[in-house]
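Numbering (the working numbering), first residue to last: -15 to 359. What follows is a set of notes on a single structure, which appears directly below.
Quick look at the structure:
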């Protein structure tokens, strides 16, 4: 039997945050809603509405959805994808795509959609909302003592087409390599081709949604974040950005274990995610019908929301030092450091202040809004 770790030493906010969580939804009404969400008729109503909402947000904020999609379709080659295997959970419909992330359409649009999400979170920045959104996570990670040593190696799990990977490369020039891995071979292929094409953003006279610069330190591979195949203790940082909410709970915990395995001693796990213990998301989730619009394109979102406290506790038992900070009014950043199993473990949760208020104001648009209203 392995050695047991010392008891977890908590340094949380003085106010119990569990009261902000929406209670689990049970009963006949919830059973009916769950059934409805899985019915073809409901999907024909909700899924197109969710997609229309994100496209409308992009266009309302000056993000050229159609032009950018046409550019990537015309310039990126649809190479033949070799046979591949993915876990069953990954075959579900995601983000209004019936084939989920396993399609060219999803790969072409993922970065455009991300810009729209940024504009929804930081509407005052309009088309620059994506940069403000990701910058908020950068700041929170920095406050949580996220570090990359000289010649450090970074692993970006669930990298998609590389938005997070490229930002890591830009933010940490001292890193020797940034390895991205994703379960969608379509995403991986588009990520590689974007590096080759080096498009300019529409704000600088180009037709893509961001500037892309090739970087020889970046390498993308198809693979499962739960079983990367990399050697033990081979990375200084493992990054998980907007991945966990798209997973069943057992897959999420397996990925946490894999991150711990591939991290070097004193290496760090970084997580940026939705926070369903924030008042904004807790209130949204408490309204089952309103929340159903989001759930219609996120099959595991309710599971993630229900298990977030368990996720934090699990990470706290696997890593020696855990810090959680608010990044936006409804998202968190987490830094967990791998240490000696015999060392004292600390868990610092700084999302809420002494009065129980979330430390960052929520600026997200209302569900029915697509652009910040002029004063």
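Cβ coordinates follow ideal geometry from the N, Cα and C atoms, glycine included.
- Classified as exposed, residue 189 has fewer than 16 neighbouring CB atoms from the shown chains inside 10 Å of its CB.
- Shown here for residue 103: same chain residues with a beta carbon closer than 6 Å to its own, the five before and five after excluded, namely 41, 45 and 113 in chain order.
- Rounded to the nearest whole angstrom, the C-alpha separation of residue 126 and residue 308 is 11 Å.
- Distance between residue 322 and residue 147, taken at the CA atoms: about 26 Å.
- Here residue 144 is buried. Its C-beta has 16 or more other C-beta atoms within 10 Å.
- Taking 4 residues as the shortest admissible run, the segment 142 to 213 contains the following complete alpha helix (DSSP H) segments, listed from N- to C-terminal end: 147 to 155 and 169 to 181.
- Boundaries of the beta strand (DSSP E) around residue 320: 315 to 321.
- In the three-state reduction of the DSSP assignment, residue 45 falls in the coil class.
- The alpha-carbon of residue 219 is positioned some 34 Å away from that of residue 345.
- For residue 251, the uninterrupted beta strand (DSSP E) run begins and ends at 247 to 258, by DSSP.
- Rounded to whole angstroms, residue 135 and residue 160 show a C-alpha spacing of 4 Å.
- Here residue 247 is near residue 222, since their CB atoms are less than 7 Å apart.
- When the beta-carbon positions are compared, residue 128 and residue 319 come within less than 7 Å of each other.
- Around the CB of residue 36, fewer than 16 other CB atoms lie within 10 Å, so the residue is classed as exposed.
- Less than 7 Å separates the beta-carbon of residue 292 from that of residue 260.
- Under the three-state reduction of DSSP output, residue 307 falls in the strand class.
- Around the beta carbon of residue 200, a 10 Å sphere encloses fewer than 16 other beta carbons of the protein chains shown; the residue is thus reported as exposed.
- Its chain contains 277 as the residues whose beta carbon lies nearer than 7 Å to that of residue 33, once the 5 sequence neighbours on both sides are disregarded; these appear in chain order.
- Apart from the 5 residues on each side of it in sequence, residue 130 sits with its Cβ closer than 7 Å to the Cβ of 252, 254 and 319 in its chain, given in chain order.
- At a Cβ-Cβ threshold of 7 Å, residue 52 and residue 193 count as neighbours.
- In terms of Cβ geometry, residue 285 and residue 348 do not form a close pair [threshold 7 Å].
- The shortest CA-to-CA distance from residue 331 to any of 350, 227 and 301 is the one to 301.
- For residue 63, the closest alpha carbon among the candidates 174, 216, 85 and 282 is that of 174.
- Classified as exposed, residue 180 has fewer than 16 neighbouring CB atoms from the shown chains inside 10 Å of its CB.
- When secondary structure is reduced to three states using DSSP, residue 139 falls in the strand class.
- Shown here, residue 76 sits in coil according to DSSP, grouped into three states, outside any helix or strand.
- For residue 296, the enclosing alpha helix (DSSP H) covers residues 285 to 302.
- In the structure shown, the three-state DSSP call for residue 234 is helix.
- Put simply, of 237, 84, 156 and 155 the residue whose alpha carbon is nearest the alpha carbon of residue 282 is 84.
- Rounded to the nearest angstrom, the gap between the Cα atoms of residue 275 and residue 237 is 25 Å.
- Straight through space, the alpha carbons of residue 290 and residue 191 are spaced by roughly 40 Å.
- Beta-bridge annotation (DSSP): residue 349 is not paired with any residue.
- Residue environment analysis places residue 270 among the exposed positions, since fewer than 16 neighbouring C-beta atoms fall within 10 angstroms of its C-beta.
- Of the residues assessed, residue 137 falls on the buried side of the cut-off, its CB having 16 or more other CB atoms within 10 angstroms.
- Separation of residue 61 and residue 356 (C-alpha to C-alpha, rounded to the nearest whole angstrom) is 37 Å.
- Non-local beta-carbon contacts of residue 120 in its own chain, meaning distances under 7 Å to residues more than five positions away in sequence, involve 311 and 312 in chain order.
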